[in-house]
């Protein structure tokens with residue numbers, strides 16, 4: 001099961017953050033490019049607040065904002081198209097492999113402990129004596145890993161790549177930074193041009209992307225000063241003029257590049273950008289077709305016959321499949337070009353880092369949060385006047401909840417109005433907009449009330465896409481409320497997932513719901529419910545998603561109070577099969593190897609043969625012939641319940657792999673004797689049948 005350094009609350013908060021756009025002048029972009037970074041990339045490591053922020057809700061109650069993170073991106077950023085998104089997600093999973101030298105993990109059963117999370121689960125199982133050896137082997141094997149960083153990487157990239165939608169405002173831009181260099185002849189003219197450009201993009205109707213939260217987008221004017229080549233006195237003078245024009249809370253003077261080429265050239269500076277920026281030169285594995293001995297075709301993950309895979313070069317592991325450590329990230333082929341990482345931030349000092357961190361703090365506390373507070377009040381006033389509610393929506397919704405409950409139809413009874421669009425000024429959308437604003441600044445109680453009210457309106461109109469979005473966020477807001485005034489409404493999420501998937505045909509939004517709800521359920525130790533949810537979201541449209549969710553479901557089974565080891569192994573096999581179809585060969589091998597620790601030596605020879613056969617082929621595909629030989633040998637040295645035809649196929653496979661492996665080492669007499677013995681047996685069987 002994926003374990004993050006973050007808590008579930010922090011994970012969800014970081015999944016929905018205020019979006020800030022950036023427009024830079026050419027000269028400002030040149031200043032930042034000295035560090036091999038764009039302006040948004042330059043700020044990315046410093047976009048989390050280190051101190052608390054405060055604002056007041058419509059009832060004049062103080063809301064404390066802790067650990068807020070903002071997302072700063074270029075205004076021309078477009079969400080990737082589906083094929084590109086799938087490629088990026090697949091690439092992110094492929095390059096993330098189990099850490100080398102990971103410690104062993106132990107499961108609890110009887111007197112044995114299996115560390116599958118930060119805590120130790122104690123349980124008593126009736127079949128302890130039969131599974132004692134299995135649990136011991138599973139605990140000592142490095143095939144088993146309690147953390148799944150590839151899933152966390154996938155989840156993070158997926159949530160960050162969610163396209164902006166019409167039915168919600170969470171991924172819409174709230175503000176825009178206009179950045180101009182202090183070296184411009186007339187900086188104020190450049191600011192005016194950038195401001196006009198932003199207005200044209202948002203209001204001209206020429207562009208469908210990006211999406212904007214509210215019509216009066218906050219514009220924040222940033223004067224970028226290059227200390228190494230600029231006139232500091234002139235920059236200060238221009239900034240004073242800016243404060244007169246835009247107000248002290250609407251502009252900022254950011255000074256960077258204070259490190260000259262001759263000063264501290266040998267000084268090693270930290271690179272905080274490496275953990276935030278996507279790798280721009282991820283080497284793709286080289287697919288090389290391999291010809292197997294038998295040419296069997298793929299049918300089902302639990303059948304023995306598997307496809308001829310196209311593999312990519314890896315290092316030759318010298319350990320046996322049944323005894324070795326987890327497959328580690330392989331060395332790349334000699335034909336693959338290696339490029340040294342581009343140095344970043346070479347013109348910056350630690351003082352410059354502090355300047356950027358302080359800039360984000362000032363922008364958020366003096367610009368963004370007051371802007372959000374003002375718009376929450378304005379939306380509340382508009383909704384109160386339009387709906388004829390007294391005082392504020394916050395108090396009015398409480399009165400509404402006290403009355404009779406509006407009967408809600410089931411999803412099957414509602415007609416498909418997923419394509420219904422409200423006008424931008426519709427009261428229903430204004431409620432949703434207010435709910436999203438409250439959610440982004442951690443005012444979860446008011447957000448929940450707004451989502452709940454909007455949900456009723458959308459269901460009344462049978463606007464199912466909007467209703468599903470309101471249900472999804474109402475469930476999340478209810479979970480995040482401090483003090484847990486109400487239980488987590490899991491049925492809200494279930495209805496939202498069903499609506500997204502079956503009515504709206506939107507698997508992206510259904511998957512987002514699933515990822516959020518599964519983490520919440522696991523945090524509440526409801527592993528069975530989480531596993532059921534994850535398995536339901538598997539489908540034929542995405543092998544990668546299905547593989548990752550099946551693997552997470554497997555970890556849920558083994559995290560239960562009474563660990564369900566056989567279900568863990570079964571779902572790891574299913575995950576390995578889908579990883580293989582998604583061209584994630586190393587992850588497929590890892591899953592099958594973990595499952596083998598449970599199945600081997602239990603008398604389930606057909607299942608064990610299938611797993612060893614698959615491990616052999618995957619190892620051979622990954623250029624690990626010795627591991628492949630060990631797996632195929634395991635099939636041949638034991639009494640088999642396979643048909644003679646299938647055993648002959650195993651033998652041909654073994655001979656072919658052995659031939660390749662034998663080219664790198666001396667023949668082993670035992671193996672050759674085994675081959676001759678098995679061959680004689682097959683001939684005898686065929687003769688008797690005739």
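Residue numbers (UniProt numbering): 1 to 690. Quick reminder that beta carbons are idealized off the backbone N, C-alpha and C, glycines included. As the structure is a prediction and not an experimental result, all values here were calculated from the model.
Nearest in C-alpha terms to residue 16, of all of 603, 516, 536, is 516.
Residue state for residue 247 is assigned as coil, using DSSP reduced to three classes. DSSP, reduced to helix, strand and coil, places residue 73 within a strand of the structure shown. Counting only the Cα atoms, residue 226 lies some 11 Å from residue 260.
Across the structure, residue 577 and residue 86 are spaced so that their CA atoms are roughly 18 Å apart.
For the options 355, 183, 435, the alpha carbon positioned closest to that of residue 57 is the one of 435. Burial is judged here by how many other beta carbons sit within 10 angstroms of a residue's own beta carbon; residue 372 has at least 16 and is buried. In this structure, residue 444 places its C-beta atom within 8 Å of the C-beta atom of residue 481. The beta carbon of residue 194 lies closer than 6 Å to those of 23, 178 in the same chain, with the five residues before and after it left out.
Excluding its 5 nearest sequence neighbours in each direction, residue 63 has C-beta neighbours in its own chain below 8 Å: 54, 55, 56, 57, 441, 442, 443, listed in chain order. When the five nearest sequence neighbours on each side are left out, the beta carbons in the same chain lying within less than 8 Å of the beta carbon of residue 632 are those of 612, 613, 616, 650, 653, 654, 657, 658, in order along the chain.
Spatial neighbours of residue 207 in its own chain (CB-CB distance under 6 Å, excluding positions within 5 residues in sequence) are listed in chain order as 201. The beta-bridge partner set that DSSP reports for residue 181 consists of 224. Taken through DSSP and simplified to helix, strand or coil, residue 176 comes out as strand.
A buried status is given to residue 488, since no fewer than 16 other beta-carbon atoms sit within 10 Å of its beta-carbon. For residue 21, the enclosing beta strand (DSSP E) begins and ends at 19-24. Distance from residue 175 to residue 384 at the Cβ level is roughly 26 Å; contact not present, criterion being Cβ atoms closer than 8 Å.
Look at residue 544 here: in three-state DSSP terms it is helix. Here residue 83 is exposed: its Cβ has fewer than 16 other Cβ atoms, across all protein chains shown, within 10 Å. In the three-state reduction of the DSSP assignment, residue 212 falls in the strand class, which pools E and B. Look at residue 252 here: in three-state DSSP terms it is strand. Given a length threshold of 4 residues, each whole run of the alpha helix (DSSP H) inside the stretch 489-518 is given here in chain order: 490-498.
Contact between the stretch 147-166 and the stretch 87-95 is present: 3 or more CB-CB pairs across the two stretches fall below 8 Å.
Here DSSP, grouped into helix, strand and coil, assigns residue 54 to strand. In the structure shown, residue 525 falls within a coil segment according to DSSP collapsed to helix, strand and coil.
Residue 491 sits exposed, since fewer than 16 C-beta atoms from the chains shown fall within 10 Å of its C-beta. Its Cα nearest to that of residue 358, the residue 252 stands out among 252, 348, 420. Rounded to the nearest angstrom, the gap between the Cα atoms of residue 505 and residue 446 is 30 Å.
When the beta-carbon positions are compared, residue 530 and residue 513 stay at least 8 Å from each other. DSSP places residue 629 inside the alpha helix (DSSP H), whose first and last residues are 625-637.
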